[in-house]
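Following: one structure in structure tokens, then a few remarks.
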Amino acid sequence: MRNAFAAIMTELADQDPRIVLLSGDIGNRLFNTYKAKFPSRFYNCGVAEANMTSLAAGLAMSGLKPVTYTIASFNTIRCLEQIKIDLCYHDLPVVVVGTGAGLSYARLGATHHSLEDIAQMRTLPGMTVLCPGDAQEVRAALRAAIGYGHPCYVRLGKKGEPVFHSSEPELVIGRAIVLQQGEEVALLSAGNVLPVAVEAGKRLAAEGVSTLVASFHTIKPLDEELLAGLFGRFRVVATLEEHSRLGGFGSAVGEWLLGRPRSTTCFEILATPDCYPHEAGGQSYLREAYGLTTEAVCQRIRQALSGEPSPPPMTQGHQPKEPKKR
Amino acid sequence: MVNPQADPGVEHETMKRMVRTIRGAVVKMSHRSRSPHLGSCLSCIDILVAAYWSALRIDPAKPADPGRERLILSKGHAAMALYATLAHRGFFPLSWLDTYAEDGDRLAEHPGPGCAPGVEAATGSLGHGLGIGIGMALAGRIQERWYRVFVVLSDGECNEGSTWEGAMFAAAHGLENLVVIVDDNKWQATGRSREVLALDPLAAKWEAFGWSSVELDGHSLADLREALRQTPHGTGKPVVIIANTVKGKGVSFMEDDNNWHYRIPTSEEVRRAHEELGLR
């Protein structure tokens, strides 16, 4: 996804002289082509995300189209208030790009996990939240975000993820892309967990479970039209995300669902638990621990189809703690 | 409307009168709307008048002109001072000040985005204005337009880490079209700003961050006018003007009394303030 981001930025900057790329001291060689072509429209803003975000606002107020880029957690929660006030309150055309989102940088530890960014970004009025599922969707998401004219957050994984689209898909903000049709189970995936959803969809289909797989590249605004066609008609609808089950994609669908007539559809949120890992471990290790592997997803769906209730979500320490004695 | 290129003597008298008028307007606005931050407004009025009447290349009839010079009041809690300044400078009708902060009005206790012509940015949470100003100054360079960007900070605002993030960026990129004016009234909300955090030596801190600094009496219109006109300094560095000011300046019983960070004047106090300012 990272390389696709650098390539599409170079293409778009070639077409639009208003585009300015701001980096928070990452992407050392990633932007070499961009920097060589547009030296006056690239700034390494240093390890200073608050200033990078306010500065982007000032550029946008002056008619430019800035894109800020750094590690997802640092580019969202670190500078949350700058995004809230300088970008969203002013409704400015600034694209905030977070790389290494979810558990992409799992090995670097919880300081580098970004499992709250969707929740934080989607509470901001006027913010659009995009979570492309593969490199082609990254290209399309950047194109759409830069052309949108309002604040957008684009959430990226790392590099080398599987690609599912043979070419850049047509991406309409707020309209999910259905990758596999089905009638019984719907796997709705947000962002870099798409390979898990696609594999699970194939496996379930092979087992005779008619499974729809969709890439919800936009979490805000939600594709309510697609959702409305699933609940009441499908037996199981499951959301998948490499993000906390609190406030993320699943929460967004759940909030939407509260305003709908009750249906018999079983709704499952497959997300990361409300806890920090305190041990070392890579992305696969933590996906395994958190039930976000292809087999764990399939197993959860099989259980839901057989009417078994969902297991209680894992929390910090798995249960309420004793208050600490002072 | 006063021509900024007018005779300096006439200009100086006009500015002095304007300072008193705006001080009186602000005291009245605070009383009528029961809005706090009066002391913080009174300390920066000479700065605003010097900027809007003698420095900024602006046309109030064209507040969105891409080539205009910009001023961001980063200490957004002094919004009453900004509104009164902009109204008197002709950006919008004086009558707008009469409904300030009323329910449903355009002018709130902190400036909202585009709330009135001449308001460049929504401020109120401290530590945002400098970054925005840097973006505007950098945009001028990218778009090959020459204009200066002035950002008015409070001394308390120099507590914010984002202020120093911005200071380092501006120096690294030699943004000499950027001018920070610190309204150094020596108080922040609940205490002496030198006691709350180690602010001193303030000018030397900015110098150490790569800025060219000037320290002056922030209530001397002549000194402010000269200092603003002398920017940029031709050193390739952004400029900081440390303006030594008095919180509550212009009203004897408010001067250097931090109760007026939040206190609302009574009608008797408004009368006395106006009398001292020579207003009726």
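Top line first, the protein sequences correspond to chains D and P. Under our numbering, the residues of the first sequence are numbered 1 to 326, in order. Under our numbering, the residues of the second sequence are numbered 1 to 280, in order. Cβ coordinates follow ideal geometry from the N, Cα and C atoms, glycine included. A quick note: this is a predicted structure, and the numbers were derived from the prediction, not measured.
Is it buried or exposed for residue i, if we count other Cβ within 10 angstroms and need 16 for buried?
{"i": "P/Ala25", "result": "buried"}
{"i": "P/Phe253", "result": "exposed"}
{"i": "D/Leu142", "result": "buried"}
{"i": "P/Thr235", "result": "exposed"}
{"i": "D/Asp223", "result": "buried"}
{"i": "D/Asp274", "result": "exposed"}
{"i": "D/Glu170", "result": "exposed"}
{"i": "D/Asp16", "result": "exposed"}
{"i": "D/Val209", "result": "buried"}
{"i": "P/Trp206", "result": "buried"}
{"i": "D/Gln283", "result": "buried"}
{"i": "D/Lys325", "result": "exposed"}
{"i": "D/Tyr69", "result": "buried"}
{"i": "D/Gln136", "result": "buried"}
{"i": "P/Pro238", "result": "buried"}
{"i": "P/Trp146", "result": "exposed"}
Between the alpha carbons of residue i and residue j, how many angstroms are there, rounded?
{"i": "P/Glu215", "j": "P/Ile72", "result": "20 angstroms"}
{"i": "P/Glu11", "j": "P/Leu94", "result": "21 angstroms"}
{"i": "D/Ser40", "j": "P/Gln143", "result": "10 angstroms"}
{"i": "P/Cys115", "j": "D/His90", "result": "11 angstroms"}
{"i": "D/Gly317", "j": "D/Gly109", "result": "Unreliable placement is indicated for D/Gly317, whose pLDDT of 49 sits below 50; no coordinate value is reported for it."}
{"i": "D/Val67", "j": "D/Leu21", "result": "5 angstroms"}
{"i": "D/Leu124", "j": "D/Ile118", "result": "10 angstroms"}
{"i": "P/Val240", "j": "P/Asp46", "result": "17 angstroms"}
{"i": "P/Asn3", "j": "P/Val152", "result": "Note that P/Asn3 scores 49 on pLDDT, short of 50, meaning its location in the model is unreliable and no value can be drawn from it."}
{"i": "P/Gly76", "j": "P/Cys44", "result": "11 angstroms"}
{"i": "D/His363", "j": "D/Ile173", "result": "Any answer about residue 363 of chain D is impossible in this case: the structure gives chain D only from 1 up to 326."}
{"i": "D/Met52", "j": "P/Glu69", "result": "22 angstroms"}
{"i": "P/Ile264", "j": "P/Ser30", "result": "6 angstroms"}
{"i": "P/Trp187", "j": "P/Ser193", "result": "5 angstroms"}
{"i": "D/Gly58", "j": "D/Ser167", "result": "35 angstroms"}
{"i": "D/Leu286", "j": "D/Gly201", "result": "21 angstroms"}
{"i": "P/Leu221", "j": "D/Leu64", "result": "35 angstroms"}
{"i": "D/Glu49", "j": "D/Asn75", "result": "6 angstroms"}
{"i": "P/Met80", "j": "P/Val246", "result": "17 angstroms"}
{"i": "P/Glu13", "j": "P/Leu279", "result": "15 angstroms"}
Determine, using beta carbons only, whether residue i comes closer than 8 angstroms to chain P.
{"i": "D/Ile219", "result": "no"}
{"i": "D/Gly335", "result": "Chain D is shown only over 1 to 326; residue 335 of chain D falls outside these bounds and no answer can be derived."}
{"i": "D/Ser244", "result": "no"}
{"i": "D/Arg41", "result": "yes"}
{"i": "D/Cys275", "result": "no"}
{"i": "D/Val67", "result": "no"}
{"i": "D/Cys152", "result": "no"}
{"i": "D/Met61", "result": "yes"}
{"i": "D/Gly191", "result": "no"}
{"i": "D/Asn51", "result": "yes"}
{"i": "D/Ser54", "result": "yes"}
{"i": "D/His318", "result": "Annotation note: pLDDT 47 at D/His318 (below 50); position unreliable, coordinate value reported separately. Not one chain P Cβ lies under 8 angstroms of D/His318."}
{"i": "D/Leu64", "result": "yes"}
{"i": "D/Gly46", "result": "yes"}
Within 8 angstroms (strictly less), CB to CB, does residue i reach chain D?
{"i": "P/Pro93", "result": "no"}
{"i": "P/Met15", "result": "no"}
{"i": "P/Phe169", "result": "yes"}
{"i": "P/Gly166", "result": "yes"}
{"i": "P/Pro66", "result": "yes"}
{"i": "P/Ser74", "result": "no"}
{"i": "P/Ser154", "result": "no"}
{"i": "P/Ser162", "result": "yes"}
Please determine, among the options, the residue with the shortest C-alpha to C-alpha distance to residue i.
{"i": "D/Gly157", "options": "D/Pro323, D/Ala48, D/Ala4 and D/Pro312", "result": "D/Ala4"}
{"i": "D/Val96", "options": "D/Ser23, D/Val47, D/Thr239 and D/Phe42", "result": "D/Ser23"}
{"i": "P/Ser35", "options": "P/Phe209, P/His88 and P/Asp103", "result": "P/Asp103"}
{"i": "P/Arg148", "options": "P/Lys28, P/Arg280 and P/Leu56", "result": "P/Leu56"}
{"i": "D/Ala271", "options": "D/Leu103, D/Thr33 and D/Arg78", "result": "D/Leu103"}
{"i": "P/Leu178", "options": "P/Met168, P/Glu157, P/Ala273 and P/His37", "result": "P/Met168"}
{"i": "D/Thr239", "options": "D/Ser189, D/Thr76 and D/Thr294", "result": "D/Ser189"}
{"i": "P/Trp287", "options": "P/Arg89, P/His173 and P/Asp155", "result": "Chain P is shown from 1 up to 280; residue 287 of chain P falls before or after that span and cannot be answered."}
{"i": "D/Ala72", "options": "D/Thr211, D/Ser54, D/Ala106 and D/Pro93", "result": "D/Ala106"}
{"i": "P/Gly9", "options": "P/Leu38, P/Trp146 and P/Arg225", "result": "P/Arg225"}
{"i": "D/Ser386", "options": "D/Gln180, D/Tyr276 and D/Val236", "result": "Missing from the structure shown is residue 386 of chain D; chain D here goes from 1 to 326 and no further."}
{"i": "D/His112", "options": "D/Val129, D/Gly307, D/Gly291 and D/Ala280", "result": "D/Ala280"}
{"i": "P/Val49", "options": "P/Trp260, P/Thr85 and P/Ile58", "result": "P/Thr85"}
For residue i, is the beta carbon positioned less than 7 angstroms from some heavy atom of the ligand HEM?
{"i": "D/Gln283", "result": "This structure does not include the ligand HEM; it has no bound ligands of any sort."}
Just by C-beta distance, which residues in the region 89-107 of chain D are closer than 8 angstroms to chain P? Tyr89, His90 and Asp91
At a Cβ cut of 9 angstroms, what residues of the region 109-141 of chain P count as close to chain D, listed as they run along the chain? Gly112, Pro113, Gly114, Glu120, Ala121, Ala122, Thr123, Gly124, Ser125, Gly127, His128, Gly129, Leu130, Gly131, Ile132, Gly133, Ile134, Gly135, Met136, Ala137, Leu138, Ala139, Gly140 and Arg141
Quick one, which residues of the region 74-86 of chain D are near chain P if we go by CB-CB under 7 angstroms, in chain order? Glu81, Gln82, Ile85 and Asp86
Along the region 119-141 of chain D, where does the CB come closer than 7 angstroms to a CB of chain P? Name the residues. none
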